[in-house]
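The block underneath contains the structure these notes are about, expressed in structure tokens.
Number of protein chains: 2
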Amino acid sequence: MRASDRAYATLLDEIQRGLLAPGAVLAEVEQATRLGVSRTPLREALGRLASDGLVAQQSARVTVVTAVDAGDIRELFEVRRALEETAARLAAERGDPRAFADLADAFAHATIDGQDALDDYYALIARFDRQLDAAVANDYLTAALRTVRTHLVRVRRLARDNPGRLAASVAEHRLIASAIGAHDAELAAHATHVHLHNALANILAAVDEPAESATTLAPFGNAHTRKGAA
Amino acid sequence: MRASDRAYATLLDEIQRGLLAPGAVLAEVEQATRLGVSRTPLREALGRLASDGLVAQQSARVTVVTAVDAGDIRELFEVRRALEETAARLAAERGDPRAFADLADAFAHATIDGQDALDDYYALIARFDRQLDAAVANDYLTAALRTVRTHLVRVRRLARDNPGRLAASVAEHRLIASAIGAHDAELAAHATHVHLHNALANILAAVDEPAESATTLAPFGNAHTRKGAA
DNA sequence: CCGGTCACTTATGTATACAATGGCCCGGGC
DNA sequence: GCCCGGGCCATTGTATACATAAGTGACCGG
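Residue numbers (UniProt numbering), protein chains in the order written: chain P, 1 to 230; chain D, 1 to 230.
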């Protein structure tokens, strides 16, 4: 594996997990030393993160992890709605009914009690996303969705996974999968719309009234004073 | 301006203009020498082009300009429809009515006779796109649309700008702009859908029955044998 | 004569040295 | 005491040297 790939993967993971908080300064020599690579592959990694929108050049001399506020989340979901409704529609037209019937079945039997069950559920969603991409068979759409999903990982950290919402989410996914499996493009699109509406509402409720969790993404005010994990 | 920016801008322009045809091999030392920069900034430029989807690493040793076939164009327009319909809807909800009323007026008076009028028309479309981005005020959507538009520049080279299609395109843009100016989100979205349907049909007609133009993007068969402008 | 293997060439990937620029601090003057 | 200017330092941007691996061609063996 290339050093630049390792640097990218590591930084991406740390940003998504919140270890590198919004506003954290990413100095090239510092990060290169920390990750055990030279500046050249590190710069490539930073370039990819910048193209993803996860870091930005605050000024000519300082690169920081971008912040995510409620407005950003609304914007992100506007794009997500557009792309995922389209994906659901196209998958319903083109997808293998069997694959999505199987997924609908898996969602029907999914549970959310305990960490193991939760991990299984998240893995199931990942499988659903992969099937969706495969069914749509559109590289441009998949690439656009990849960017959205990259940001979503960070956004999800802001939402509290309350059991009620999780149970509803399971049911929503089941409906989407079964609609795609039934070649019902309209239902798939509308069910996706509803699912994303509910998911956004849940996230915004958590953001507007922040949890006491220490992992909450820092607001702009003190963010730029935080340094990367040294 | 940074050397990497110049290299990126130059290569982007050459790919979009077809000077670097699909399949053209982009060797680092060769291109670096040609563009008068060292390999480091050139690699950064190639990385950005790869993230745009304009070049791809065919194997571990060879980077080529990506090809565009009719299937790619259909895929691209699926994403474009999703994003631009959303953009039109959001602009209708949020945009400054005056700005789009002015644009509608400009489209109403636009002409397409002669190269100067055509240049003016393309500039007007660019102005429309900028106003749309400003009205939508969504960085994620703007970024996604930027990628689509980057590819569209190449796709447009495939379409013949026949007068009938151009006249219809003017009218379609006028309707979209006026719908946004009237805060009519539904009409704006549907008019965008119709416009993109017509634009795609026009392009596919040209691609399926290629013109005699020497600038037609080369098919895969002989493409990989072409070298970059040396 | 054909196929396989090894070495060589040439490309990319990485590290490091050099250049240039922007910020910051200190000192002086108003 | 505050503001402005100059010089120093740190950081990014670029070039180049080095490492590594993949592809190619030639040579040897069957």
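No residue lacks a Cβ here, since even glycine has one placed at the ideal position from N, Cα and C.
Keep in mind the model is a prediction, meaning the values are calculated, not measured.
Here the region 12–22 of chain D does not lie against the region 105–121 of chain D, with fewer than 3 beta-carbon pairs under 8 Å apart. Counting every other CB atom within 10 Å of its CB across the protein chains shown gives residue 62 of chain P a total below 16, marking it as exposed. When DSSP states are grouped into helix, strand and coil, residue 66 of chain D belongs to the coil group. Taking a C-beta cut-off of 9 Å against chain D, the contacting residues of the region 136–154 of chain P are 136, 137, 138, 139, 140, 141, 143, 144, 147, 148, 151, listed in chain order. Against chain D, the beta carbon of residue 53 of chain P has neighbours under 8 Å at 139, 140, 143, listed in chain order. Around the beta carbon of residue 131 of chain D, a 10 Å sphere encloses 16 or more other beta carbons of the protein chains shown; the residue is thus reported as buried. Close partners of residue 79 of chain D in chain P (Cβ separation under 8 Å): 83, 86, 138, 140, 141, 144.
Exposed is the label assigned to residue 29 of chain D, since fewer than 16 other Cβ atoms lie within 10 Å of its Cβ.
About 6 Å separates the beta carbon of residue 195 of chain D from that of residue 176 of chain D, a gap short enough to meet the 8 Å contact definition.
Taking C-beta separations shorter than 7 Å and ignoring five residues to either side along the sequence, the partners of residue 38 of chain D in its chain run 32, following chain order. Distance check between residue 161 of chain D and each of D/114, D/3, D/99 places D/114 closest, using alpha-carbon atoms only. Contact of residue 204 of chain D with chain P by beta-carbon distance below 8 Å is absent, the smallest such distance being about 16 Å.
In this structure, DSSP gives residue 37 of chain P a state outside helix and strand, which the three-state scheme calls coil. Burial is judged here by how many other beta carbons sit within 10 angstroms of a residue's own beta carbon; residue 208 of chain P has fewer than 16 and is exposed. In this structure, the straight-line span from the alpha carbon of residue 56 of chain P to that of residue 64 of chain P is close to 6 Å. Between the C-alpha atoms of residue 45 of chain D and residue 83 of chain D there is a straight-line separation of about 26 Å.
In chain D, no part has a C-beta under 7 Å from the C-beta of residue 28 of chain P; the shortest such distance is about 13 Å.
Chain D has no Cβ within less than 7 Å of the Cβ of residue 158 of chain P.
Residue 67 of chain P is positioned such that its CB atom lies no closer than 7 Å to that of residue 95 of chain P. Counting along the chain, no beta strand (DSSP E) covers residue 58 of chain P, and no H or E run does either. Considering only P/200, P/174, P/10, P/168, the residue with the shortest C-alpha distance to residue 157 of chain P is P/200. Rounded to the nearest whole angstrom, the C-alpha separation of residue 171 of chain P and residue 103 of chain P is 12 Å. For a cut-off of 8 Å, the C-beta gap from residue 155 of chain D to residue 125 of chain D is around 14 Å, too long to register as a contact.
It is roughly 18 Å from the alpha-carbon of residue 173 of chain P to the alpha-carbon of residue 153 of chain P. Membership of residue 22 of chain D in any alpha helix (DSSP H) is not indicated, and neither H nor E is assigned to it by DSSP.
Look at residue 42 of chain D: its C-beta is not under 7 Å from any C-beta on chain P. By the rule that beta-carbons nearer than 7 Å mark a contact, residue 23 of chain D does not touch chain P.
At a C-beta separation below 9 Å, residue 48 of chain P has these neighbours in chain D: 47, 51. Counting along the chain, the unbroken alpha helix (DSSP H) around residue 165 of chain P starts and ends at 163–181. By the criterion of a C-beta distance shorter than 6 Å, residue 99 of chain D is surrounded in its chain by 131, once the five residues flanking it on both sides are discounted.
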